[in-house]
Amino acid sequence: MFRRTFMGAAAALALALPVKAQAADIVDTAVSAGSFNTLVAAVQAAGLVDTLKSDGPFTVFAPTDEAFAALPEGTVETLLLPENKDQLVEILTYHVVPAKVMSGDIAGKRAKVLTVQGDRLSVNAKNGVKVNGAKVVQADIEASNGVIHVVDAVILPE
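What the sequence shown shows, in mature numbering (1 follows the signal peptide of the UniProt record, and there is no 0), is residues -23 to -1, 1 to 135, in sequence order.
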């Protein structure tokens, strides 16, 4: 009787304890957010899905759908054409840093950070956070392979 009661109690306790779910990767996190449909379409068109699903770690400055909509009319459609894939890859990889950088790591600082594209982004976290003039509107969305910081503009390489 004791053994059966103990085993039942142990099973009930195990079921009651929260199970930490595996965090989604950067791509799946962006998809589930619902505000990065254009970014996800661009990542797919650029052939970068597998890269952003890999181990990383990555920091992605993710423009919202509204940020892409603010580009001159026809820009997104043009970039998504197969013949413009190289340019699209260059723009998207300019939004990615090959390290996990949380907002607390840079709070109160200024830095030039190297992107996957090869150029550096200017990050100013002295008063809020700006990346090459784009404002970080939501920081520290953690993923299994890095972090997403939501920005209000598409950051274009010079």
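We put the CB at the ideal spot given by N, CA and C, even for glycine.
Extent of the continuous alpha helix (DSSP H) to which residue i belongs
| i | result |
| --- | --- |
| Ser9 | Ile3 to Ala10 |
| Ile83 | Ser80 to Ile83 |
| Val20 | Asn14 to Ala23 |
| Val66 | Lys62 to Thr70 |
| Glu54 | Thr52 to Leu56 |
Contacting residues, own chain, Cβ-Cβ under 6 Å from residue i (five flanking each side not counted)
| i | result |
| --- | --- |
| His126 | Phe38, Val113 and Ala116 |
| Ser31 | none |
| Ser80 | Ala116 and Asp117 |
Same chain only: Cβ atoms within 8 Å of residue i, ignoring 5 sequence neighbours per side
| i | result |
| --- | --- |
| residue 142 | Beyond the ends of the chain as shown, which are -23 and 135, falls residue 142; an answer cannot be given. |
| Val17 | Val4, Ala7 and Val8 |
| Ile83 | Val100, Ala102 and Val106 |
Extent of the continuous beta strand (DSSP E) to which residue i belongs
| i | result |
| --- | --- |
| Asn101 | Arg97 to Asn101 |
| Ile118 | Ala111 to Ala120 |
| Thr28 | Looking at the DSSP string, Thr28 is not in any beta strand (DSSP E); the run it does join, the alpha helix (DSSP H), is Val26 to Lys30. |
| Phe35 | Phe35 to Pro40 |
| Lys89 | Arg87 to Leu91 |
| Val124 | Gly123 to Val128 |
Neighbour-count burial assignment, residue i, 16 or more Cβ in a 10 Å radius
| i | result |
| --- | --- |
| Ala19 | buried |
| Pro40 | buried |
| Ala7 | buried |
| Asn109 | buried |
| Gly33 | buried |
| Leu133 | exposed |
| Ala46 | exposed |
| Leu58 | exposed |
Sequence-distant residues of its chain with Cβ nearer than 7 Å to residue i (five each side left out)
| i | result |
| --- | --- |
| Thr92 | Thr70, Tyr71, Val73, Val74 and Leu98 |
| Ser121 | Gln(-2), Ala(-1), Ala1 and Asp2 |
| Leu48 | Val131 |
Integer Cβ distance of residue i from residue j, believed to fall under 8 Å
| i | j | result |
| --- | --- | --- |
| Ile3 | Gly123 | 6 Å |
| Ala102 | Lys86 | 5 Å |
| Thr55 | Asn61 | 6 Å |
| Leu25 | Val66 | 7 Å |
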